[in-house]
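Q: Please read through the structure below; I'll follow up with questions.
In my numbering, the protein residues as written are 16 to 324.
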């Protein structure tokens, strides 16, 4: 027969059961910077002020080759008009928050709340710049491949590469930027991208250098090579109208410039705001983006609703 009739329950001992706050904090996750690391950075030209940066365009209207049919005849000279390509620094974004003195004092000493939120703010602004660069897809008209109704195919990948090489861009100065959905659900459904019998012995890479795009560099969203061209993934690739706007870019296709006061990419300012009786933190960034060479980019449209088989 039972000896005890009324054992302690957890609710009975609530006054003496302790709670422990761990040193682990679940912080927000972000994409690694890939587009800003690759595209042309004009920030050094903005250090002395000005809001517009000029990049002269000498290729749109090019020189022509003439034939001297009659020796000694007067030559015909060419004077093609130049095009003024500009980048305007016109975006100032910030993240601001304030924590009252009472709350700041009472927060557990093991947590530097201000630093944690400042770190998140910096990453938010870095992603804003990445997203602004990715949004330049809308200016691409010369080289457009794929559509909203189908997955991105190997044939379309090869067409994109052809378009870039046909315009005489060096492929070793180009890179792919795919949305993770396109990369994992569509490209990895292409047999020859992942099966060794299709792409050949591992020590003798074929057109696709590594069947699974490789494993090195995952920390930087680098997935390896596709037809010898580096592949990166980022969810900053624009999604709209059931379409992912993936990109094949030459490094001179897009440009950006950061002109944040103080010389750093992102500025963090903290002050004890007496009028608010709290600690005020403001994180800001000043930047601009522009298409520098429109035909040096290939827009690779893929459906955001269909999965490769």
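Glycine is no exception: its CB is placed at the ideal position from the N, C-alpha and C atoms. If you're wondering where the values come from, they're calculated on a predicted model, not measured in any experiment.
To the nearest angstrom, how far is it from the Cα of residue 318 to the Cα of residue 91?
A: 51 Å
Q: Tell me which residues share the same chain as residue 36 and place their Cβ nearer than 6 Å to its Cβ, disregarding the 5 neighbours each side in the sequence.
A: 123
Q: Exposed or buried, what is residue 32 when buried is set at 16 or more other beta-carbons lying within 10 Å of its beta-carbon?
A: By the neighbour-count rule (16 or more Cβ atoms within 10 Å), residue 32 is not buried but exposed.
Q: Compute the Euclidean distance between the alpha carbons of residue 119 and residue 41, then round it to the nearest angstrom.
A: 19 Å
Q: Let's test the definition: count the other Cβ atoms within 10 Å of the Cβ of residue 272 and tell me whether it reaches 16, buried, or not, exposed.
A: buried
Q: Work out the CA separation of residue 94 and residue 74 for me, nearest whole Å.
A: 12 Å
Q: If I follow the unbroken beta strand (DSSP E) through residue 238, where does it start and stop?
A: 237-241
Q: Measuring only the C-alpha atoms, how far is residue 266 from residue 293?
A: 45 Å
Q: Could you check what DSSP says for residue 114 in three-state terms: helix, strand or coil?
A: Judged by DSSP in its simplified three-state form, residue 114 adopts strand.
Q: Residue 194 and residue 250 look like a contact to me (Cβ under 8 Å); what is the Cβ gap, rounded to whole Å?
A: 6 Å
Q: Could you spell out where the beta strand (DSSP E) holding residue 99 opens and where it closes?
A: 98-103
Q: What are the boundary residues of the beta strand (DSSP E) that residue 260 is part of?
A: 258-265
Q: Is residue 276 helix, strand or coil by DSSP?
A: Correct three-state label for residue 276: coil.
Q: Does the separation of the CB atoms of residue 321 and residue 166 fall below 7 Å?
A: A contact, by the Cβ cut-off of 7 Å.
Q: Counting Cβ pairs, one atom from each stretch, are 3 or more of them under 8 Å apart for the region 42-51 and the region 79-91?
A: no
Q: Does the Cβ of residue 308 have 16 or more other Cβ atoms within 10 Å, making it buried, or fewer, making it exposed?
A: buried
Q: In its own chain, which residues sit with a C-beta less than 7 Å from the C-beta of residue 107, not counting the 5 before and 5 after it?
A: Excluding sequence neighbours, residue 107 sits near 299, 301.
Q: I believe residue 113 touches residue 288 by the beta-carbon criterion, under 8 Å. Please report the beta-carbon distance rounded to the nearest angstrom.
A: 7 Å
Q: Which residues bound the beta strand (DSSP E) around residue 132?
A: Where residue 132 is concerned, there is no enclosing beta strand (DSSP E), although the alpha helix (DSSP H) it sits in stretches over 128-149.
Q: Sorted by chain position, which residues of the same chain lie with C-beta nearer than 7 Å to residue 68's C-beta, five sequence neighbours on each side aside?
A: 57, 60, 61, 101, 102, 272
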